[in-house]
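One line per chain: the protein sequences are D and H, in this order. Numbered according to our numbering, the first sequence spans residues 93 to 336. Numbered according to our numbering, the second sequence spans residues 2 to 345. C-beta atoms are modelled at their ideal positions from N, C-alpha and C, and glycine is treated no differently. A quick write-up on the structure given underneath.
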Amino acid sequence: MKPKVAVFDFTGCEGCELNKLNFEDELLALLEHIDIVEWREAMDDKSDHYTIAIVEGSISTPDCVERIHDIRNRSEILIALGACAVQGGMNAMKNQYPLEQVREEVYGCHKDLFPTLPALPLSRYVRVDYEVRGCPMTKNEFLKILTSILMGKKPIKPTHAVCVECKLNENECVYDKGMVCLGPITRGGCDSLCTNFGQYCTGCRGLVDEPDVEAMLAILNRHGLSIVEAKKRLELFNYENQAL
Amino acid sequence: MKQIFPLTFMTHNDIPHWISHLQKIENVIAPHKNGINSFSFGKVSDPKCVILNYDRTLSSIKKYFLPPKETLFSFSTDGKETTSSKVEPINAIFLGVHNYDLEAVFRLDHNFLSGHAESQYLTRRQGALFIGVSYTPDEWHFSNSVLKDGEPNHSGGFDLFLHEIEDGYLLETLTESGQNLMKGFPLPEFDGDIPKQQSFNAHIDGGFEKVTDVFSRAWDSPVWESYAEKCVGCGTCNLVCPTCFCFNVEDEVDLDLKTGNRIRTQDGCMLRSFSEVAGGEIFRNQKAARMRHRLYRKFKYISQETGESWCVGCGRCSAYCTAGISIVDIVNDLIHDSNREIGA
């Protein structure tokens, strides 16, 4: 029997999910190996049990907390999909303000109808088996993780910085173009997509393991950012990273 | 040095015509502009786009013999079939190569010939002809501190060599292969001497002899930690180094789950995951230990067997380090630290 796969969304823009519907060349090949049993954005069917639950978005309301525990209990494998699910994403920037202030700002006089919690990665509430990083999620990483699971192999998690991929692609260093870049401390695996196209790295895939934040702040400072500005840059996708 | 072949002279205007002439013989690979302030070697399509007056390229010509990423072989997941990737000799003329980059190729030749010979590298390496060009050292070059013949105009090992002078280039012919490249492109003979070498701005105090001496005592130096504090461990220094050759191997399985490829990708010892072994243990987890290992690979481990520096003084690791760490500064600090300790 083919593994039953379901897709769920929490707080986020749903861009990672849409990105998956764009797998025009790969989707049919994938459907040879899996049955998609639940996916709100693409179909009506429901299921009680999932071999693989793919979950997008961060956890930011009491309702989210209940749902993620329920999904975890009914899933054998849980994959966090995209920056919001893995790191809390941009949503987590709200965590620097008092929750009441955030509610007031967004919902005004109706704020009492919308209970809120700090936006957190899935892993703060449930066990996450695999992570697909990026904003939006990195397609090749998603396919690699899925094929590895189907083969019964442990997926290889990229741990090197984006700089590695930039150098393999022989891109001119963003710093040599007079811009600042989070590539030196950001987890690779994206094949340096943004810098290949002349942009700087915003750090959407999160920080490398055991990041040296002090050294990174010094680099950003050396290239013209104040320490306050430098910290803000790093927080964009990493507000909930304990190293910051 | 006695000239076997006469020196000839070429104007700046002659250069594109000459490159077109070379293209009729073989593919030409030469430096081009890449981005705003950088250069890269690439196959020449328009000879006018070749830039011979450059400081350094992002990657060295190593990438043609040891690609940053390559498929070693394809396989079927049932284990019954493997198909080796087809590897061809490069058969190209490398034009506009600096002395240190050719030295680096000779270092790699040693690495891939000794022990278990590496057939993919050695196959690609065949059919390469080298035309050197002199350069003006910038703040990062320091080749004469580490190489026996590290001068920017040292032409040994090349087939042809261009010495830049005010209104063009002097062409030095060094081998018969080089002479053959010039057949059908007559140039006027030059009656004079090769211009004097340009001086370097960066130096290792005491040169390679001192380096060898210091690396026998540098293991416990506090210098490693003082530089590691500034380092983020991004691995750039490894990836731009013309003599680094470490790699990682991964299997990528196709979506049909029936076939796949074994992929080799360049790796670097400054990366934390480089020393991760089975069970998740990382035996060189401290950046200072990784930095020490990188420099020992350049100045001691291979050098003590061959007598040569495995750092060629191109300055790439320093020029491209976003944290501003210079390999020359590290080595000079090690030398000063060691001098203090022995009271020299």
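Check whether residue i and residue j have beta carbons under 8 Å apart
| i | j | result |
| --- | --- | --- |
| E257 (chain D) | G36 (chain H) | no |
| P276 (chain D) | V329 (chain H) | no |
| G128 (chain H) | I91 (chain H) | yes |
| I163 (chain D) | A145 (chain D) | yes |
| L260 (chain D) | T266 (chain H) | yes |
| L258 (chain H) | L235 (chain D) | no |
| G158 (chain H) | R314 (chain D) | no |
| Y292 (chain D) | T323 (chain H) | no |
| G104 (chain D) | C176 (chain D) | yes |
| K152 (chain D) | A211 (chain D) | Reading off the sequence shown, one finds Ser at residue 152 (chain D), where the question assumed Lys. Yes, they are a contact pair. |
| K288 (chain H) | A203 (chain H) | no |
| F329 (chain D) | T287 (chain D) | no |
| R295 (chain H) | N286 (chain H) | no |
| Y142 (chain D) | K96 (chain D) | yes |
| V29 (chain H) | I16 (chain H) | no |
Residues near residue i in its chain [Cβ-Cβ closer than 6 Å; skip 5 each side]
| i | result |
| --- | --- |
| Y189 (chain D) | none |
| S135 (chain H) | P153, N154, H164 and E165 |
| T260 (chain H) | S77 |
| V218 (chain D) | I160 and R164 |
| A31 (chain H) | V45, V51, L96 and G97 |
| D301 (chain D) | T251 |
| Y321 (chain H) | T237 and V241 |
| N333 (chain D) | L299 |
| R218 (chain H) | S339 |
| N249 (chain H) | T266 and D268 |
| S75 (chain H) | T84 and N262 |
Short CB-CB distance (under 8 Å) between residue i and chain H
| i | result |
| --- | --- |
| Y292 (chain D) | no |
| K324 (chain D) | no |
| K269 (chain D) | yes |
| H202 (chain D) | no |
| L173 (chain D) | no |
| M308 (chain D) | yes |
| A301 (chain D) | For the record, residue 301 (chain D) in the displayed sequence is Asp; it is not Ala. Judged by the 8 Å Cβ criterion, D301 (chain D) is in contact with chain H. |
| T239 (chain D) | yes |
| L242 (chain D) | yes |
| H125 (chain D) | yes |
| E116 (chain D) | no |
| M311 (chain D) | Note that residue 311 (chain D) is Ile in the sequence shown here, rather than Met. Output row for I311 (chain D): interface = yes. |
| R297 (chain D) | no |
Check: residue i C-beta below 7 Å from any heavy atom of the ligand NAD
| i | result |
| --- | --- |
| D110 (chain H) | For the ligand NAD, the structure offers nothing, since it holds no ligand at all. |
Cβ-Cβ separation, residue j to residue i (assumed contact under 8 Å), whole Å
| i | j | result |
| --- | --- | --- |
| I62 (chain H) | S146 (chain H) | In fact, because the Cβ distance is near 22 Å, the residues do not count as touching under 8 Å. |
| F246 (chain H) | K301 (chain H) | Not confirmed; about 17 Å, so no contact. |
| R125 (chain H) | F209 (chain H) | Rounded, the Cβ-Cβ distance is 30 Å, inconsistent with contact. |
| V313 (chain H) | P243 (chain H) | 6 Å |
| R298 (chain H) | W311 (chain H) | 7 Å |
| S150 (chain D) | G180 (chain D) | 5 Å |
Beta-carbon proximity list for residue i, same chain, < 8 Å, skipping 5 on both sides
| i | result |
| --- | --- |
| L123 (chain D) | none |
| H337 (chain H) | D206 |
| S200 (chain H) | P138 |
| T307 (chain H) | H111 |
| L309 (chain D) | I319, A322, K323 and L326 |
Proximity test, Cβ basis, 8 Å: residue i and chain D
| i | result |
| --- | --- |
| E177 (chain H) | no |
| V278 (chain H) | no |
| C315 (chain H) | no |
| C235 (chain H) | yes |
| R293 (chain H) | no |
| C232 (chain H) | yes |
| L59 (chain H) | yes |
| S222 (chain H) | no |
| S46 (chain H) | no |
| S39 (chain H) | yes |
| R273 (chain H) | yes |
| G36 (chain H) | yes |
| M2 (chain H) | Bear in mind that a pLDDT of 47 at M2 (chain H), under 50, signals an unreliable position, so the number given afterwards is only what the model happens to contain. M2 (chain H) does not count as touching chain D. |
Residues near residue i by beta carbon distance below 7 Å, same chain, minus five either side
| i | result |
| --- | --- |
| C419 (chain D) | Not covered by the structure: residue 419 (chain D). The range shown for chain D is 93 to 336. |
| I237 (chain D) | I171, Y222, V224 and P247 |
| P339 (chain D) | Here chain D comprises residues numbered 93 to 336, so residue 339 (chain D) is not present and cannot be evaluated. |
| T174 (chain H) | F6, L161, Q180 and M183 |
| C227 (chain D) | G174, A175, G181, C296 and F329 |
Q) Listed from N- to C-terminal order along the chain, which residues in the region 221-235 of chain D have their beta-carbon within a distance smaller than 8 Å of any beta-carbon of chain H? A) L235
Q: Below 8 Å between beta carbons is the criterion; list the residues of the region 321-332 of chain H that meet it against any residue of chain D, in chain order.
A: Y321, T323, A324 and G325
Q: Note down, in chain order, all residues in the region 246-264 of chain D with a beta-carbon under 7 Å from any beta-carbon belonging to chain H.
A: I248, T251, H252, A253, C255, V256, K259, L260, E262 and E264
Q.
Beta carbons nearer than 9 Å to chain D: which residues of the region 100-125 of chain H have them?
A. none
Q: Closer than 9 Å, Cβ to Cβ, to anything on chain D: give me those residues from the region 237-266 of chain H, in chain order.
A: T237, N239, L240, V241, E251, D252, E253, V254, D255, L256, D257, L258, G261 and T266
Q: With 9 Å as the C-beta to C-beta threshold (strictly closer), list the residues of the region 147-162 of chain D near chain H in chain order.
A: none
Q. Going along the region 62-75 of chain H in order, which residues come within less than 8 Å of chain D, judged by CB to CB distance?
A. K64, P69 and K70
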